[in-house]
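Q: Provided herewith is a single structure, encoded as structure tokens, for subsequent inquiry.
Number of protein chains: 2
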Amino acid sequence: MMIKKTISIDMDGVLADIQRHYLSHYFEETGIRINENDIVGLKEADCLPDQTAVLRYLHTPGFFRSIPVAQDAQDVVKELQNYYEIFVVSAAMEFPNSLLEKREWLQEYFPFISWKNIVFCGNKGIIDTDFLIDDHLKNLDSFSGKGLMFNTFHNVNEHRFERLKNWTDAHRFFVADLQNKMFN
Amino acid sequence: MMIKKTISIDMDGVLADIQRHYLSHYFEETGIRINENDIVGLKEADCLPDQTAVLRYLHTPGFFRSIPVAQDAQDVVKELQNYYEIFVVSAAMEFPNSLLEKREWLQEYFPFISWKNIVFCGNKGIIDTDFLIDDHLKNLDSFSGKGLMFNTFHNVNEHRFERLKNWTDAHRFFVADLQNKMFN
Numbered sequence: 038m039m040i041k042k043t044i045s046i047d048m049d050g051v052l053a054d055i056q057r058h059y060l061s062h063y064f065e066e067t068g069i070r071i072n073e074n075d076i077v078g079l080k081e082a083d084c085l086p087d088q089t090a091v092l093r094y095l096h097t098p099g100f101f102r103s104i105p106v107a108q109d110a111q112d113v114v115k116e117l118q119n120y121y122e123i124f125v126v127s128a129a130m131e132f133p134n135s136l137l138e139k140r141e142w143l144q145e146y147f148p149f150i151s152w153k154n155i156v157f158c159g160n161k162g163i164i165d166t167d168f169l170i171d172d173h174l175k176n177l178d179s180f181s182g183k184g185l186m187f188n189t190f191h192n193v194n195e196h197r198f199e200r201l202k203n204w205t206d207a208h209r210f211f212v213a214d215l216q217n218k219m220f221n
Numbered sequence: 038m039m040i041k042k043t044i045s046i047d048m049d050g051v052l053a054d055i056q057r058h059y060l061s062h063y064f065e066e067t068g069i070r071i072n073e074n075d076i077v078g079l080k081e082a083d084c085l086p087d088q089t090a091v092l093r094y095l096h097t098p099g100f101f102r103s104i105p106v107a108q109d110a111q112d113v114v115k116e117l118q119n120y121y122e123i124f125v126v127s128a129a130m131e132f133p134n135s136l137l138e139k140r141e142w143l144q145e146y147f148p149f150i151s152w153k154n155i156v157f158c159g160n161k162g163i164i165d166t167d168f169l170i171d172d173h174l175k176n177l178d179s180f181s182g183k184g185l186m187f188n189t190f191h192n193v194n195e196h197r198f199e200r201l202k203n204w205t206d207a208h209r210f211f212v213a214d215l216q217n218k219m220f221n
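Set out below in structure tokens:
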């Protein structure tokens with residue numbers, strides 16, 4: 038039996054569609070609808086016209102519990118679990134109130150991921166898996182395995198890591214990785 | 038400049054004196070005082086005469102927030118931080134309600150450890166540091182670096198890992214490690 042390779046997957050911006058959540062919170066608060074295209078290339082912390090908004094939302098109780106799940110994430114992760122050992126690795130430690138919310142969110146949307154495979158941390162540099170799928174350069178930079186940049190508005194101008202456009206594209210990447218493993 | 042080696046340190050049974058906490062909870066509940074010597078060699082889950090007690094305590098809100106800090110742990114960890122990069126790595130994910138309590142507990146007793154260096158996980162096998170100080174064999178077994186068994190009642194009959202008797206002994210071990218590094 039072959040040992041499964043390991044994949045660490047980030048939450049916000051990867052499993053969870055935090056961009057949509059920011060924009061819908063902003064609309065609820067101000068009545069102003071901002072289009073996803075309008076914030077492409079902006080930094081996460083100041084992607085909204087009210088530059089206090091993002092940080093305020095991140096500290097609002099319930100914010101992390103109610104993020105919509107990213108398109109196709111559930112199906113693809115469940116499928117990948119047949120061939121890889123999957124860990125969810127979130128830098129949740131910065132926002133202590135997010136800890137329980139994130140744990141409950143995972144239980145709701147990814148009940149097939151065991152608590153044994155969930156990691157809430159600060160610096161991801163001590164995570165030892167084969168792959169890390171993340172939207173933040175700082176996490177990919179400190180990671181020692183193969184980093185994969187999950188596409189989102191704030192990272193479009195970064196080109197140092199292989200980019201996964203969405204979960205369908207992530208599926209394609211790992212199918213190719215498996216084929217490569219089988220034929221080499 | 039030399040790169041600091043990294044040490045992961047467990048919480049319950051290592052930084053936090055959970056044995057004392059079990060015994061004092063049991064005394065408050067029943068009026069029966071059990072001596073530390075009476076439980077040497079017993080398994081953690083059933084170290085008390087009421088074998089439902091430990092699991093019940095672990096699920097009691099406030100239990101993790103109020104564990105007494107282990108003797109000398111603060112002084113020694115603070116001292117070691119000058120020479121090593123210290124991470125706290127706790128298998129907190131099994132008890133979701135413990136997450137915030139453990140984060141707050143660390144903030145109170147170990148404010149000199151950054152949130153960036155705190156990890157709450159399930160399986161410790163994906164933690165990539167040079168050392169792990171832990172009281173549980175299963176965590177040391179899955180760890181890929183050098184495991185150090187922190188002495189406590191339930192692990193006295195395990196002999197596969199080098200044993201640290203207490204925090205003074207941990208200090209001795211790492212002073213020797215530093216000397217070894219300097220003279221080799």
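Those sequence lines, one after another, are chains A and B.
Residues in the first sequence are numbered consecutively from 38, following the numbering used here.
Residues in the second sequence are numbered consecutively from 38, following the numbering used here.
C-beta: ideal position from N, C-alpha, C; glycine also.
Just the Cα atoms here: how many angstroms apart are Phe-168/A and Glu-131/A?
A: Each residue's alpha carbon lies about 23 Å from the other.
Q: Near Ile-164/A, what residues of its chain come up, given a Cβ to Cβ distance below 6 Å and the 5 sequence neighbours on each side ignored?
A: Ser-45 and Val-126
Q: So if I threshold CB-CB distances at 9 Å, which residues from the stretch 39–50 of chain A count as touching chain B?
A: Thr-43 and Ser-45
Q: Comparing C-alpha positions only, which one of Asp-172/A, Phe-211/A, Leu-215/A and Asp-206/A sits nearest to Phe-198/A?
A: Asp-172/A
Q: Which of helix, strand or coil does DSSP assign to Val-77/A?
A: coil
Q: With a threshold of 8 Å between beta carbons, is Glu-131/A in contact with chain B?
A: yes
Q: Could you pull out every unbroken beta strand (DSSP E) segment of at least 3 residues lying fully inside the stretch 113–197 of chain A, listed in chain order?
A: 121–127, 155–157, 168–171 and 183–187
Q: Can you find the residues in the same chain that come closer than 6 Å, C-beta to C-beta, to Trp-142/B, ignoring five residues on each side of it along the sequence?
A: Arg-102
Q: What are the boundary residues of the beta strand (DSSP E) that Lys-42/A is part of?
A: 42–46
Q: Give me the Cα-Cα distance between Ala-53/A and Glu-66/A, rounded to the nearest whole angstrom.
A: 21 Å
Q: Could you name the residues of the stretch 145–167 of chain B whose beta carbon sits closer than 7 Å to any beta carbon of chain A, in the order they occur along the chain?
A: Going along the stretch 145–167 of chain B in chain order, one finds Ser-151, Trp-152, Lys-153, Asn-154, Ile-155, Val-156, Phe-157, Cys-158, Gly-159, Asn-160, Ile-163, Ile-164, Asp-165 and Thr-166 with a Cβ nearer than 7 Å to chain A.
Q: Please name the residues in the stretch 170–203 of chain A whose beta-carbon is closer than 9 Å to at least one beta-carbon of chain B, in chain order.
A: Ser-181
Q: Taking the continuous beta strand (DSSP E) assigned at Arg-200/B, which residues delimit it?
A: 199–201
Q: What did DSSP end up calling Asp-206/B once you bin it into helix, strand or coil?
A: The three-state secondary structure of Asp-206/B, taken from DSSP, is helix.
Q: Compare the C-alpha of Phe-190/A against each of Lys-41/A, Ile-40/A, Pro-148/A and Ile-55/A and name the closest.
A: Ile-55/A
Q: Identify whether Ala-213/A lies in helix, strand or coil by the three-state DSSP scheme.
A: helix
Q: Using the beta-carbon of each residue, which ones in chain A are nearer than 9 Å to Leu-137/B?
A: Pro-133, Asn-134, Leu-136 and Leu-137
Q: Hey, how far is the Cα of Ile-219/B from the Cα of Asn-192/B?
A: The amino acid at residue 219/B is misidentified as Ile; the sequence shows Met. Using only the alpha carbons, I get a separation of about 33 Å.
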